[in-house]
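Reading through the structure tokens given below for one structure.
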Amino acid sequence: MNMAVNRQNIGIIGAGRVGAVLGAALVNAGHRVVAAVGVSTASKTRAEQLLPGVALLPADQVAASADLVLLAVPDDMLAGLVNGLVETGALRAGQIVAHTSGAHGLAVLAPVSTVGARPLALHPAMTFTGTAVDLGRLAEGVSFGVTAPDELRDLAASLVADLGGQVEWIAEERRPLYHAALAHGANHLATLVNEALDRLRDAGVRHPEQVLAPLLGAALDNTLRLGDAAITGPVSRGDAGTVAKHLQALNEVAPESVPPYLVLARRTADRVIAAGRLRATDAEPLLDVLSTVPAPRTVPATGTVPATGTVPATGTVSAPRSTRRKAKGTGGKA
1 MNMAVNRQNI GIIGAGRVGA VLGAALVNAG HRVVAAVGVS TASKTRAEQL LPGVALLPAD
61 QVAASADLVL LAVPDDMLAG LVNGLVETGA LRAGQIVAHT SGAHGLAVLA PVSTVGARPL
121 ALHPAMTFTG TAVDLGRLAE GVSFGVTAPD ELRDLAASLV ADLGGQVEWI AEERRPLYHA
181 ALAHGANHLA TLVNEALDRL RDAGVRHPEQ VLAPLLGAAL DNTLRLGDAA ITGPVSRGDA
241 GTVAKHLQAL NEVAPESVPP YLVLARRTAD RVIAAGRLRA TDAEPLLDVL STVPAPRTVP
301 ATGTVPATGT VPATGTVSAP RSTRRKAKGT GGKA
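Going by the UniProt record's numbering, the sequence shown opens with residue 1, and the numbers climb by one from there.
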């Protein structure tokens, strides 16, 4: 451990799920958390459980008492908080002001430099429950997206190591892309899984979680190891008939699931063609199916449900341009 880092007094502004857990992990690593901000009842309870004995104070007092100020607040609150701390004189020269936002880099902390404080962006790439369970997960080697000025890189690396994590250096201008990738992969995955669970229930499956768990576990593991080679299913085979039946079934029961299915199926087709796993010419029937959507299911005043067919997707986006260009090319080469 870097003893210069361990002698720092740390103040945490935001004893939410992230701030309280990181504070507890830093204490376990030998650091001293001198004060924290806990406004809501949940935050106060969490601080009592994870940071016992740590004083809960207003933000300006927390900042004034610390050598390293950790800002663990929602993204849209960060800029206002930073400006407020600077304007009230709570910060001083030589302090380190770090935030845990994935979306922001150092730019949002620029005001702290006017008083001689030093900025650091330190984002743990994991979801938090706000309980002691998270401490074990951190220790397993969670990656931290770190953006730091050159003079703070060693200190940042030491902090991440003390938290049991691994450093991923993220350039300032790449921070939004970094965060978009995480949100797309994790947040949207949760939505996709919940959609699948709902449709299994609609299909009469009594234990959808039990059905999906091994399938999803294997898919995730294979994808992380094999990339596009792990893609399976009807789109990867160019099975237009099966995909058409999927769209019809979804339209009859949950038409709101049709647009996301189409978007993901088109992107899947793009990837398997680019990987050379599906000849572009063989994909034409599939791409034709994906360029149409089932007619909306409507219930007339009589209460009867008319049969549904398929109609051109007026105003909708057809298969990706890159895929369509390849499919029209020579010899069907990806």
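We put the beta carbon where it would ideally sit given N, CA and C, even for glycine.
Source: prediction; values computed, not measured.
Let me check understanding here. Comparing Cα to Cα, which of V18, H207, V272 and T268 lies closest to A133?
Sequence check: residue 133 is Val here, not Ala. Among V18, H207, V272 and T268, the Cα nearest to that of V133 is on V18.
Beta-carbon proximity list for R277, same chain, < 7 Å, skipping 5 on both sides:
Only S236 meet the Cβ criterion.
Per DSSP, cross-strand counterpart(s) of E168:
According to DSSP, E168 bridges with G145.
For the pair the segment 75-93 and the segment 23-34, tell me if three or more CB-CB distances fall below 8 Å.
When Cβ pairs closer than 8 Å are counted between the two stretches, the segment 75-93 is seen not to touch the segment 23-34, the count staying below three.
Quick one: any contact between the segment 192-207 and the segment 161-179, if contact means 3 or more CB pairs under 8 Å?
The segment 192-207 makes no contact with the segment 161-179: fewer than 3 CB pairs, one atom from each, lie closer than 8 Å.
Would you check if the distance between the CB atom of A117 and the CB atom of S101 is smaller than 9 Å?
No; because the gap between Cβ atoms is not below 9 Å, this pair is not in contact.
For I231, name the three-state secondary structure that DSSP assigns.
The answer is coil: DSSP assigns I231 none of H, G, I, E or B.
Please look up how many angstroms separate the CB atoms of A230 and A219, rounded, as I've assumed it's under 8 Å.
About 7 Å separates the CB atoms of A230 and A219; that is less than 8 Å, so the two are in contact.
Measuring straight from C-alpha to C-alpha, what distance separates V73 and E151?
Cα-Cα distance, rounded: 25 Å.
E48 to V160, Cα distance in whole Å?
Those two C-alpha atoms are separated by around 24 Å.
Bridge partners for V97 per DSSP, in chain order?
Residue pairing by DSSP puts V97 in a beta bridge opposite V69 and P119.
Cutting at 8 Å between CB atoms, please list the residues of its own chain near A93, excluding the five before and the five after it.
By the criterion of a C-beta distance shorter than 8 Å, A93 is surrounded in its chain by V115, G116 and A117, once the five residues flanking it on both sides are discounted.
Check this for me: beta carbons of H31 and D162, under 9 Å apart or not?
Cβ atoms of H31 and D162: closer than 9 Å.
Are the Cβ atoms of H104 and L70 separated by less than 9 Å?
With contacts defined as CB atoms closer than 9 Å, H104 and L70 fail to qualify as a contacting pair.
Rounded separation between A269 and A15 - CA only
About 44 Å.
N-terminal and C-terminal residue of the beta strand (DSSP E) that V160 is part of
Not the beta strand (DSSP E): V160 falls in the alpha helix (DSSP H), residues R153 to D162.
Kindly list the residues whose CB is nearer than 8 Å to the CB of Y261, restricted to its own chain and excluding five residues on each side of it in sequence; keep chain order.
Take Y261, set aside five residues on each side of it, and the residues of its chain with a beta-carbon closer than 8 Å to its own are H246, L247 and L250, in chain order.
Using a Cβ-Cβ cut-off of 6 Å (strictly less than) and excluding sequence neighbours within five positions of A240, which residues of its own chain qualify?
Closer than 6 Å at the Cβ level, and outside the excluded window around A240, lie P285, L286 and V289.
Measuring alpha carbon to alpha carbon, tell me which residue in R46, P52, T45 and L57 is nearest A36.
From the listed residues R46, P52, T45 and L57, the smallest Cα separation to A36 is found for L57.
Within a Cβ cutoff of 7 Å, which residues of the same chain sit near V33, ignoring the five residues on either side of it in sequence?
So the qualifying residues of the chain are I10, I12, G23, L26, V27, L51 and V54.
At which residue ranges does the segment 37-63 contain complete alpha helix (DSSP H) runs of 4 or more residues, listed in the order of the chain?
Segments of the alpha helix (DSSP H) lying fully in the segment 37-63: 41-50.
Please go through the same chain and pick out, in chain order, the residues whose beta-carbon is closer than 7 Å to the beta-carbon of A265, but skip the five residues on each side of it.
So the qualifying residues of the chain are V235, V243 and L290.
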